[in-house]
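Residue numbers (the working numbering): 6 to 275. Ideal Cβ positions, reconstructed from N, Cα and C, are used throughout, including at glycine.
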Amino acid sequence: MDGTGGVQMAVNGESAITLGTSVVNVRFGASSDVGRVRKINEDSFLSQSPVFFVADGMGGHAHGDAASQTVIRVFTDHIEENLPSTPERILDAIHSSNDAVRDLSSDDDFGTAISGTTLAGVAIVDAGDNIGYHWMAFNVGDSRIYTWDGRTLSQLSVDHSAVQEMVEAGLIKAADAEKHPSRNVITRAVGADEFVDADVWLLPVAGTHTFLICSDGLTKELSVREIAGLIAARTAPDDLGAVADTLVAAALAKGGRDNVTVVFVESTFA
C-alpha cells in the first residue's frame, strides 16, 4: 500500500513472510497529512511487505511530490511483494530511484529547480549464506528511522543535514539543532547528484522489532519524548494505523508547519 495526498489518511495492514522454515509476522500502519501551511503534500510512503519507507520531496523544489512518488513506483517495480528481498535489490532500487528522479529535472535546472527527495525505510532481506535474514534499514536525507523497545524511542538513522554536521563538529549543541536557521538544509537527497550515497544497517530479524519511520514534519513539531509518550499511551496495540494517525494529529495540533508522514512497523519472528 502506498499513499500521498492533501488529507490525512490512515493505512492498516499485516502480512506473513516465509523465511526458510519459519515465518515473520509483520503489522504496519501509516498516516500522512499535508499539514496546516503547505498546499501540496510532497511526502509519499510505501507500506507493502517486505519494504516500508517514507520519501519527503524536497520542499520548495520543483516536482517534489513527483520525486517522492517516483521512488514508490521504482521500488514497486523492483521488489516482490510478501517475499524477502536482498540487500543488492534494495540498493539497486535506491540507485534506480536516483536515476528516475534526476530524469524529472532538465539539463538547465539548478538549485531549487532540481527535483529531489529524502528516503528512509526498512526492508526484510536475505543477506545470504552465514548471514541470514535481517531487517535492512536505509536512509538518504533527514527523514528518520527510530526503534521502539516498549519504553525507549531511539534514533537509528543519522540525518544528512547541515545542522547534523555542525553538531558532529561541535559547533552547536544537539538541543539547538531543531531551531537553527539551517535546519532545513539537507546534504544528501535522492536525485540531487549523479550518484546517491545511502546509509544502511542490518539488524537480525529474530525476535520482535518495532520501527517508526517519519518525515521531518513530525520531528519539527514533537520532541522524541513527546513521540515516545504517545506511542506508550496507545490504547489499541494492534491498531498501528491509529498510532500513526495519533502522531500525525499531534504534529498538526502543534502547528503542522510541514507535510507530516508516519509509518509504524512491528515484526515478530521466532
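Taking C-alpha atoms, which residue in the options lies nearest to residue i?
| i | options | result |
| --- | --- | --- |
| Val106 | Val76, Thr192, Ile150 | Val76 |
| Asp221 | Thr122, Asp202, Phe274 | Thr122 |
| Thr157 | Ala203, Glu231, His139 | Glu231 |
| Asp104 | Phe143, Glu19, Asp202 | Asp202 |
| Arg43 | Thr26, Phe57, Asp82, Gly69 | Gly69 |
To the nearest whole angstrom, what separates the beta carbons of residue i and residue j, a pair I think is in contact under 8 Å?
| i | j | result |
| --- | --- | --- |
| Ala128 | Ser90 | 5 Å |
| Ala159 | Val210 | A quick correction: the sequence has Ser, not Ala, at residue 159. With 8 Å as the limit, Ser159 and Val210 do not qualify as a contact, their Cβ atoms being about 18 Å apart. |
| Ala60 | Ser120 | Contact doesn't hold; Cβ gap of about 12 Å is too wide. |
Would you mind reading off the limits of the beta strand (DSSP E) that contains residue i?
| i | result |
| --- | --- |
| Ala128 | 124 to 131 |
| Arg149 | 149 to 153 |
| Phe33 | 27 to 38 |
| Val270 | 265 to 274 |
Taking all protein chains shown into account, do 16 or more other C-beta atoms lie within 10 angstroms of the C-beta of residue i, making it buried, or fewer, making it exposed?
| i | result |
| --- | --- |
| Asn135 | exposed |
| Ala125 | buried |
| Ala197 | buried |
| Lys225 | buried |
| Gln326 | A query on residue 326 cannot be resolved here, the shown segment of the chain reaching from 6 to 275 and no further. |
| Leu88 | exposed |
| Gly116 | Per-residue confidence for Gly116 stands at a pLDDT of 49, beneath the threshold of 50, marking its modelled position as unreliable; the derived number appears in the next sentence. Exposed, because fewer than 16 other Cβ atoms sit within 10 Å of the Cβ of Gly116. |
| Gly234 | exposed |
| Ser215 | Note that residue 215 is Thr in the sequence shown here, rather than Ser. Label assigned to Thr215: buried. |
| Gly261 | buried |
| Pro55 | buried |
| Gly1 | Residue coverage of the chain in this structure runs from 6 to 275, which leaves residue 1 outside it and unanswerable. |
I'd like to know whether the C-beta of residue i is nearer than 8 Å to at least one C-beta of chain D.
| i | result |
| --- | --- |
| His83 | The question asks about chain D, but that chain is absent: this structure has only one protein chain. |
When the distance is taken between beta carbons, is residue j closer than 8 Å to residue i?
| i | j | result |
| --- | --- | --- |
| Leu245 | Phe80 | no |
| Tyr151 | Leu217 | yes |
Under DSSP, the alpha helix (DSSP H) around residue i begins and ends at which residues?
| i | result |
| --- | --- |
| His100 | 92 to 107 |
| Asp202 | Counting along the chain, Asp202 falls outside any alpha helix (DSSP H), and DSSP gives it neither H nor E. |
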